[in-house]
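Report on the structure given below.
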Amino acid sequence: MADEPRRTLPGPPVGDDLVATRRAPDERAVTVPATPSTASQPTLVPGGREQDSPVELPAPGYLIGELIGRGGMGEVLAAVDTRIGREVAIKRMRGEAPSREATARFLREAMVQARLDHPAIAPVHELGADETGQPYFTMKRLTGVTLAAKLADGGATLQLLLRAFVDVCRAISFAHARGVVHGDLKPANIMLGEYGEVYVIDWGIARVVDTARPAPAPVDGAGPSTPLGTPGYMAPEQLRDGTALPASDAYALGSILFELLAGEPLHPRGTLAIVSTLSTPAASPLERRPDRHVPVELDAITRAALLEDPAARPTARTLADDVQRYLDGDRDLERRRALAAELLADATAVLATRAPERRGDAMRLAGRALALDPESAPAAQLVGSLLLEPPAELPADLVASLDAEERSVARDRSRKAMWAFLSIFAFWGIIPFLTVRSWTNLIVLYAVIGLAGTVSFLSHRTGRVPVAVLLGANLLVALTFSRIASVFILTPVVISVALMALTSIPSFGERRLAVIAWASIAVLVPLLLEHLGLLAPTSVISEDGLTTSSSIFGGPAAISALIPANLAFIVVGGLLAAGLHRRRREAQRRLHIQAWHLGQLLPSRRA
């Protein structure tokens with residue numbers, strides 16, 4: 002039948018010697034089997050005494066409703082049994098003159114399904130023929146969605162799907178016990194009801210393999226070697242010679258379980274499924290989709306059901322019991338310990354290669370080993386060393402991650418530096434009260450500050466401004482500030498603040514000679530340029546002491562302004578240093594807290 006998001010199951014009747022009955026204007030024709038009249042039949046009362054007047058029963062028949070589904074051989078319609086008022090599904094043959102083989106197969110499906118009295122198999126109520134002689138049978142009407150639709154929308158939890166899978170396995174085990182092989186198990190032939198019911202549907206190609214019981218006649222003229230089923234779920238032996246045995250159903254169940262666990266089919270769709278099944282019949286959902294964290298017990302169950310040798314596969318009953326044990330929380334501890342030991346050996350072998358890019362693989366393997374066997378001291382020790390001890394050589398992806406973090410720190414540092422430079426523009430407010438000796442030098446001073454602020458802004462946006470550019474911009478700032486009151490006043494504060502920001506750059510701060518060289522140049526270059534006569538002198542050293550002057554400002558007001566300016570720069574420098582220290586301290590605390598929590602996961606560390 003065609004797969005639909007919401008599907009009802011088989012069955013409208015059309016019995017032998019059907020006659021028409023009256024119908025409402027908006028209803029389709031109603032047909033009922035002709036039966037002996039009940040008018041002359043005596044009726045028994047509870048005490049066993051006959052009554053004179055018979056019971057008036059409704060005429061037998063069905064009200065035919067909407068089409069539920071349609072396949073190549075038959076169609077299923079909704080109907081209501083007019084005699085007892087229950088809803089049923091009617092499956093009937095399509096076409097005016099179906100072949101003898103098709104008719105035999107249709108009848109076989111009804112007879113096979115009727116002999117399987119199980120809660121997960123829709124019961125057959127009636128088998129008959131309509132007024133044209135075409136066979137039909139009625140069965141319980143099912144509502145819900147197919148497992149295929151449920152997997153497509155992704156709304157079901159794995160626990161719900163596994164419980165449904167157990168019910169399917171038990172229904173198939175029941176069928177096998179009665180000598181019936183389904184032959185076409187797949188998610189589209191499993192119905193999930195609205196109230197937790199699970200049904201195995203479409204027994205159209207089912208085969209009876211129990212010779213001890215009477216079986217319906219063969220259904221296909223091509224003989225038992227004709228492969229029937231759905232590629233991708235058919236067992237290898239089904240594809241090779243058409244053999245359909247209980248073990249073939251077990252393989253199909255394994256394919257369904259693989260799809261539940263991996264979130265994708267075991268084999269590709271269409272004709273490629275045939276090649277894939279014959280060349281690689283088995284696969285591990287855990288290896289196919291490691292990101293889904295498939296439990297090792299379920300992975301082992303799946304792989305066993307997909308073995309190429311039919312005799313080596315578990316029965317449907319065993320599959321049901323194994324999955325149910327997992328759902329009940331029973332864990333195979335010895336199996337888990339053995340798998341943990343294998344994973345730990347693999348992790349150790351990966352580390353032995355000393356390849357930095359394989360460290361992540363070793364971590365994943367060791368982590369899985371510890372998850373399988375939480376009391377494994379070797380696994381805990383390896384996980385602990387990988388978590389808490391840095392490697393001698395960092396993997397490339399870790400280097401990239403650290404580089405990204407460093408850019409984030411650089412952006413934060415540059416943002417603070419940008420606001421520090423911009424705060425200098427606040428001194429424009431006191432310039433009208435000062436005597437400006439050289440407007441050119443003043444403009445150059447603020448141009449250099451603007452340039453340094455722009456560089457800091459670009460570094461904040463990208464985190465990738467070259468260190469040489471940052472060093473050069475800050476050196477220009479130190480040089481221009483030496484024009485305000487010599488290299489001995491205010492300039493040392495500016496140089497110190499710049500050093501606090503610049504030394505937080507790893508490529509500069511980790512090189513002591515580079516720090517000493519930059520600080521020396523910032524202090525000595527202005528003095529050297531003054532000595533060479535390239536800059537106006539701002540300081541004189543004599544026996545009486547040190548005399549300083551400004552090449553930008555003059556007068557007593559300028560000298561008085563140095564006090565708040567010096568204080569302001571010291572405060573700005575302190576705030577910048579505090580901000581940098583706060584971020585680094587927070588990062589260190591986060592790392593320590595994470596390391597502590599990770600340590601609590603490891604048994605040996607806790608002890």
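Each residue of the sequence shown is one higher than the one before, starting from 2 at the first, in my numbering.
Idealized CB from N, CA, C, for every residue including glycine.
Check                                                                                                                                                                                        : Outcome
How would you label Arg620, buried or exposed, when you count the other beta carbons within 10 angstroms and need 16 or more for buried?                                                     : For the chain, the structure presents residues 2 to 608; residue 620 sits outside this window and is missing.
Measuring CB atoms only, is the segment 569-587 touching the segment 478-495, in the sense that at least three cross pairs come out at less than 8 Å?                                        : yes
What's the call for His609, buried or exposed, on a 16-neighbour Cβ count within 10 Å?                                                                                                       : For residue 609 there is no data in the structure shown, the boundaries of the chain being 2 and 608.
Give the DSSP-derived three-state secondary structure of Met140 in the structure shown.                                                                                                      : strand
Out of Glu88, Asp82, His119 and Tyr137, point me to the one whose CA is closest to Met94's CA.                                                                                               : Tyr137
Buried or exposed: which applies to Phe166, given that a residue is buried once 16 or more other Cβ atoms fall within 10 Å of its Cβ?                                                        : buried
Would you identify the three-state DSSP class for Val33, choosing helix, strand or coil?                                                                                                     : In this prediction, Val33 has a pLDDT of 41, which is less than 50 and means its spatial position is unreliable; nothing more can be read from the coordinates.
Measure the alpha-carbon distance for Arg360 versus Leu352 and round it to whole angstroms.                                                                                                  : 7 Å
With DSSP as the reference, label Thr436 as helix, strand or coil.                                                                                                                           : strand
When you compare only the Cα positions, how much space is there between Ala378 and Ala339?                                                                                                   : 14 Å
Terminal residues of the continuous beta strand (DSSP E) containing Ile257?                                                                                                                  : Not the beta strand (DSSP E): Ile257 falls in the alpha helix (DSSP H), residues Pro247 to Ala263.
Using the three-state DSSP reduction, which class does Thr231 fall into: helix, strand or coil?                                                                                              : coil
For Ser639, which residues in the same chain have their Cβ closer than 6 Å to its Cβ, ignoring the five residues on either side in sequence?                                                 : Any property of residue 639 remains undetermined from this structure, which presents the chain solely from 2 to 608.
Tell me the rounded alpha-carbon separation between Ala346 and Asp300.                                                                                                                       : 20 Å
Any contact between the segment 124-138 and the segment 158-176? By contact I mean 3 or more CB pairs, one from each, below 8 Å.                                                             : no
Starting from Leu128, follow its DSSP beta bridges and name the residues at the other end.                                                                                                   : Phe138
Between the C-alpha atoms of Ala348 and Ala367, what's the straight-line distance to the nearest angstrom?                                                                                   : 6 Å
Identify the residues that DSSP records as bridge partners of Tyr200: which are they?                                                                                                        : Met192
Does the Cβ-Cβ distance between Val81 and Leu64 come in under 9 Å?                                                                                                                           : yes
Could you say if the segment 146-158 and the segment 179-199 meet the contact criterion of at least three C-beta pairs nearer than 8 Å?                                                      : yes
Please go through the same chain and pick out, in chain order, the residues whose beta-carbon is closer than 8 Å to the beta-carbon of Arg87, but skip the five residues on each side of it. : Val81
Count the other C-beta atoms from every protein chain shown that fall within 10 angstroms of the C-beta of Asp374, then say buried if there are 16 or more, exposed otherwise.               : buried
Between which two residues does the alpha helix (DSSP H) carrying Thr278 extend?                                                                                                             : Leu273 to Ser280
Just to confirm before moving on: does the CB-CB distance between Ala253 and Leu308 stay below 9 Å?                                                                                          : no
Pair every Cβ in the segment 423-439 with every Cβ in the segment 462-470, then say whether three or more of these pairs are closer than 8 Å.                                                : no
Within a Cβ cutoff of 7 Å, which residues of the same chain sit near Ala306, ignoring the five residues on either side of it in sequence?                                                    : Ala251, Tyr252, Leu254, Gly255, Leu258, Arg314, Pro315 and Leu320
Please report the residue range of the alpha helix (DSSP H) in which Met419 lies.                                                                                                            : Ala397 to Ser424
In angstroms with no decimal places, state the Cα-to-Cα distance between Gln42 and Leu58.                                                                                                    : For Gln42, the predicted structure reports a pLDDT of 44, less than 50, and the residue's modelled location is therefore unreliable. A value from the coordinates is still provided. Between Gln42 and Leu58, the C-alpha separation is close to 11 Å.
Do you know whose CA, among Ala356, Leu344, Thr354 and Ala284, lies nearest Val384's CA?                                                                                                     : Leu344
Measure the C-alpha to C-alpha separation of Val498 and Ser540 and round it to an integer number of angstroms.                                                                               : 22 Å
According to DSSP, is Thr481 part of a helix, a strand, or is it coil?                                                                                                                       : helix
Could you check the C-alpha separation between Leu45 and Arg84 for me, to the nearest Å?                                                                                                     : With a pLDDT of 41 at Leu45, under the threshold of 50, the modelled position of that residue is not reliable, and the figure given next carries that caveat. Whole-angstrom Cα-Cα distance: 19 Å.
Taking the straight line between their C-alpha atoms, what separation do you get for Ser505 and Trp519?                                                                                      : 14 Å
If the criterion is Cβ atoms closer than 9 Å, does the pair Ile517 and Leu443 meet it?                                                                                                       : no
If the criterion is Cβ atoms closer than 9 Å, does the pair Thr231 and Glu238 meet it?                                                                                                       : no
Taking only runs of the alpha helix (DSSP H) that begin and end inside the segment 82-123, which ones reach a length of at least 4 residues, in chain order?                                 : 101-115
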